[in-house]
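In my numbering, the protein residues as written are 58 to 584.
By construction, the Cβ of each residue, glycine as well, lies at the ideal position given by its N, Cα and C atoms.
Note that the coordinates shown come from a computational prediction; the quantities given were computed from them, not determined experimentally.
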Amino acid sequence: MPLRLVTGPANSGKAGVLLDAYRSRLHEEPILVVPSFEAVEHTQRELADGGAVFGASVVRFKWLFKEIADRAGHRSKVASDLQRKLIAERAVASLELSALARSAQRPGFVEAAVRLVGELERSMVEPSRFTRALRDWAGDGPRRTYADEVAALYAAYLRRLAEAGLADEDLFAWRALDALRRDARAWGTTPVFFYGFDDFTPLELDAMETLSRVAGAEVMVSLPYERGRVAYKAVARVFEELSALSPEPPQELPAVDEHYAAKSRDALHHLERSLFVDKVRRRKPGEAVRLLAAGGQRAEVELVASEVLALLRSGTEPGDVAVVYRDPAAYASLVGQVFDAYGIPFALSRELPFGHTSVGRGLLALLRCALLDGSEADLLAYLRTPGKLENQALADRLEAEVRQDGAETAERARELWELRRWPLEEIDALRAAAKDGPGRLLRELRFQLERLFSAPYVRQARLLDGAEREDARAFEAAASALEQLRGFAGDLDAAHLHDTLAGLGVWLGERAQPDRVLVARPEHVRA
Numbered sequence: 058m059p060l061r062l063v064t065g066p067a068n069s070g071k072a073g074v075l076l077d078a079y080r081s082r083l084h085e086e087p088i089l090v091v092p093s094f095e096a097v098e099h100t101q102r103e104l105a106d107g108g109a110v111f112g113a114s115v116v117r118f119k120w121l122f123k124e125i126a127d128r129a130g131h132r133s134k135v136a137s138d139l140q141r142k143l144i145a146e147r148a149v150a151s152l153e154l155s156a157l158a159r160s161a162q163r164p165g166f167v168e169a170a171v172r173l174v175g176e177l178e179r180s181m182v183e184p185s186r187f188t189r190a191l192r193d194w195a196g197d198g199p200r201r202t203y204a205d206e207v208a209a210l211y212a213a214y215l216r217r218l219a220e221a222g223l224a225d226e227d228l229f230a231w232r233a234l235d236a237l238r239r240d241a242r243a244w245g246t247t248p249v250f251f252y253g254f255d256d257f258t259p260l261e262l263d264a265m266e267t268l269s270r271v272a273g274a275e276v277m278v279s280l281p282y283e284r285g286r287v288a289y290k291a292v293a294r295v296f297e298e299l300s301a302l303s304p305e306p307p308q309e310l311p312a313v314d315e316h317y318a319a320k321s322r323d324a325l326h327h328l329e330r331s332l333f334v335d336k337v338r339r340r341k342p343g344e345a346v347r348l349l350a351a352g353g354q355r356a357e358v359e360l361v362a363s364e365v366l367a368l369l370r371s372g373t374e375p376g377d378v379a380v381v382y383r384d385p386a387a388y389a390s391l392v393g394q395v396f397d398a399y400g401i402p403f404a405l406s407r408e409l410p411f412g413h414t415s416v417g418r419g420l421l422a423l424l425r426c427a428l429l430d431g432s433e434a435d436l437l438a439y440l441r442t443p444g445k446l447e448n449q450a451l452a453d454r455l456e457a458e459v460r461q462d463g464a465e466t467a468e469r470a471r472e473l474w475e476l477r478r479w480p481l482e483e484i485d486a487l488r489a490a491a492k493d494g495p496g497r498l499l500r501e502l503r504f505q506l507e508r509l510f511s512a513p514y515v516r517q518a519r520l521l522d523g524a525e526r527e528d529a530r531a532f533e534a535a536a537s538a539l540e541q542l543r544g545f546a547g548d549l550d551a552a553h554l555h556d557t558l559a560g561l562g563v564w565l566g567e568r569a570q571p572d573r574v575l576v577a578r579p580e581h582v583r584a
């Protein structure tokens, strides 16, 4: 069936047209694809408010590709982000580099390689095609070696991925579409709707084409776009590609102002219509648009918090308020302090390295004490892990003894500790496990991780809240990572294992909820 495209500027009613069409097909259990987790939850609530509870399926592209794979019979184990990084490290190490040799020694090289591979896979570029393109670009000049090594890196990564019996997320999606093209009837007649996007990758566009043209499914897409508007210049390419997939002209909705609140309508509609336009007649914004200026980050957050608090006190629901930062992580600590002080419930998700969490600091300090050149500060950091000592004064006394003794190593600090207190047998347990091999070391680290995490809650049957839930997420992320590392244990020494765990990302905070003010990036508030 043909693809149907609905376009229009902001607040033109695109969502209403698409969601009405979606609701009319609920008996067919249609799939609605949205950009993010926040959009999934918001859209589910919106549909439920309209009575669409049963038969409504709201997902991201990741789930859609998994559904395509299941129906087309494509089976493949998907590599985690950590496994992708380790495979990329293997690929880099397997190559004899010259032009890239110095770059490959830099800490961010592997992450950059993973991002490059992801872009190539999302653009559905095979290694042979990539190699030809780079050689055409380089010619026989001085760039040829560089081009060959970049191309070899992509090929080596895919080869190592296959040797591990894995496919990364983008490659999995690519192969799932290939499988559906081989068996188009496997999809059935399930309609698919795409809502909330302003851009698509080549892989996502290919999914729309495969579903509509090959599998014969009804596909409907809403896209913010208006012909001739400079504000939508970046979307023009996607509009043309989607238009080419549909034999029917797109449904182009006109600009209307009826979706704005009455008091803000004139100002916000004028702002939307004149965005990026030169020589526009000014209008008085009233209370709809205001500029706040503050002297420093904390003052800025406090000013925003006072505005949010005024809204909440006037009856606005927390879930109807959004605070948008270009990089919320840079403000996370201040937002937490100020919003908590003001009594504002908020949702802010951010990623923190495992080594910056309390459980992570303790586990990594223990690993350094046992197998690396741990310092006296490492032993103190381990002993101060929450729950390790019932009496924190013991660690303070050890610190005083260390300073008096002039101890600089973890080994000497341990001797001072054990002179008057109990032995730290966990250090010896890690050393013994390392001698038995990487696999045994990973199991022992998993045991020590669980011991450190659970120590503050032993025999409490405690419901975790606040920072305690963040510890639980750090534990879960590290435990999962240690399990994933078992397949790569032969390549890991203690230092590599330490650095891998230290940089492991842990997602903290709360996702968007109706009873919390959302603090997020611009792209996460589109719903």
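Since residue i is in the alpha helix (DSSP H), which residue starts that stretch and which ends it?
{"i": "F166", "result": "F166 to R179"}
{"i": "E364", "result": "Q354 to R370"}
{"i": "V149", "result": "D138 to A150"}
{"i": "G566", "result": "Element bounds for G566: n/a, residue is neither H nor E."}
{"i": "P259", "result": "P259 to E266"}
{"i": "V74", "result": "K71 to R80"}
{"i": "I484", "result": "E482 to K492"}
{"i": "L104", "result": "F94 to D106"}
{"i": "A195", "result": "P184 to A195"}
{"i": "S585", "result": "Residue 585 falls outside the range modelled here, since the chain spans only 58 to 584, and no answer is possible."}
Kindly list the residues whose CB is nearer than 6 Å to the CB of residue i, restricted to its own chain and excluding five residues on each side of it in sequence; keep chain order.
{"i": "R61", "result": "M277"}
{"i": "I484", "result": "C426 and A427"}
{"i": "P495", "result": "A546 and L549"}
{"i": "E266", "result": "L302"}
{"i": "V287", "result": "F333"}
{"i": "A457", "result": "none"}
{"i": "R583", "result": "G253"}
Excluding the 5 residues flanking residue i on each side, which residues of the same chain have their C-beta closer than 7 Å to its C-beta?
{"i": "A67", "result": "P281 and E329"}
{"i": "A274", "result": "M58, W244, T246, T247, P248, V249 and L268"}
{"i": "R179", "result": "D227, T258, P259 and L260"}
What first and last residue would you give for the beta strand (DSSP E) that runs through residue i?
{"i": "T585", "result": "In this structure the chain extends from 58 to 584, so residue 585 is not present and cannot be described."}
{"i": "F411", "result": "From DSSP, F411 is part of no beta strand (DSSP E); its letter is neither H nor E."}
{"i": "V576", "result": "V574 to A577"}
{"i": "L89", "result": "I88 to V90"}
{"i": "F251", "result": "V249 to F251"}
{"i": "A379", "result": "A379 to V381"}
Less than 8 Å between the beta carbons of residue i and residue j, yes or no?
{"i": "E223", "j": "Q140", "result": "The sequence shown places Leu at residue 223, rather than the Glu named in the question. Taking 8 Å as the Cβ cut-off, L223 and Q140 qualify as a contacting pair."}
{"i": "E206", "j": "A156", "result": "yes"}
{"i": "R573", "j": "P306", "result": "no"}
{"i": "A243", "j": "G400", "result": "no"}
{"i": "L455", "j": "L473", "result": "yes"}
{"i": "G175", "j": "D227", "result": "yes"}
{"i": "A438", "j": "G419", "result": "yes"}
{"i": "L332", "j": "S69", "result": "no"}
{"i": "L391", "j": "V361", "result": "no"}
{"i": "L575", "j": "A318", "result": "no"}
{"i": "T188", "j": "A213", "result": "no"}
{"i": "V97", "j": "R80", "result": "no"}
{"i": "L509", "j": "R478", "result": "no"}
{"i": "Y203", "j": "A195", "result": "yes"}
{"i": "R340", "j": "D314", "result": "no"}
{"i": "A356", "j": "F229", "result": "no"}
{"i": "A512", "j": "G444", "result": "yes"}
{"i": "W564", "j": "R526", "result": "no"}
Could you name the residues of the same chain whose beta carbon sits closer than 8 Å to that of residue i, not counting the 5 residues immediately before and after it, in chain order?
{"i": "R578", "result": "V381, Y382, R383, D384 and P385"}
{"i": "G562", "result": "D138, E408, L409, P410, F411 and A534"}
{"i": "L121", "result": "I88, V90, V249 and A264"}
Thinking residue i and residue j are a contact (beta carbons under 8 Å), I'd like their distance in whole angstroms, please.
{"i": "A551", "j": "L436", "result": "That belief does not hold up - the Cβ atoms of A551 and L436 are roughly 17 Å apart, past 8 Å."}
{"i": "S279", "j": "A72", "result": "7 Å"}
{"i": "G566", "j": "S406", "result": "5 Å"}
{"i": "L237", "j": "V249", "result": "About 12 Å separates the two Cβ atoms, so there is no contact after all."}
{"i": "A467", "j": "S415", "result": "Wrong, their Cβ atoms sit about 19 Å apart, outside the cutoff."}
{"i": "P375", "j": "L366", "result": "Between L366 and P375 the Cβ distance is about 11 Å, and since that is not below 8 Å, they are no contact."}
{"i": "R423", "j": "L487", "result": "Per the sequence presented here, residue 423 reads as Leu, with Arg not at that position. With 8 Å as the limit, L423 and L487 qualify as a contact, their Cβ atoms being about 7 Å apart."}
{"i": "S137", "j": "R232", "result": "Actually they do not touch by this definition, with Cβ atoms about 18 Å apart."}
{"i": "E95", "j": "R568", "result": "7 Å"}
{"i": "H581", "j": "L421", "result": "Going by Cβ atoms, the distance from H581 to L421 rounds to 31 Å, so no, they are not a contact pair."}
{"i": "S114", "j": "E85", "result": "Incorrect: roughly 11 Å between the Cβ atoms, too far for contact."}
{"i": "V167", "j": "K142", "result": "6 Å"}
query: Is it true that the segment 521-537 meets the segment 387-400, where meeting means three or more beta-carbon pairs spaced less than 8 Å apart?
result: no
- request: Tell me, please, whether the segment 211-224 touches the segment 131-151 by the rule of three or more beta-carbon pairs shorter than 8 Å.
  value: yes
- prompt: Is it true that the segment 97-106 meets the segment 338-351, where meeting means three or more beta-carbon pairs spaced less than 8 Å apart?
  reply: no
- prompt: Are the segment 281-300 and the segment 153-172 in contact at 8 Å, needing three or more beta carbon pairs?
  reply: no
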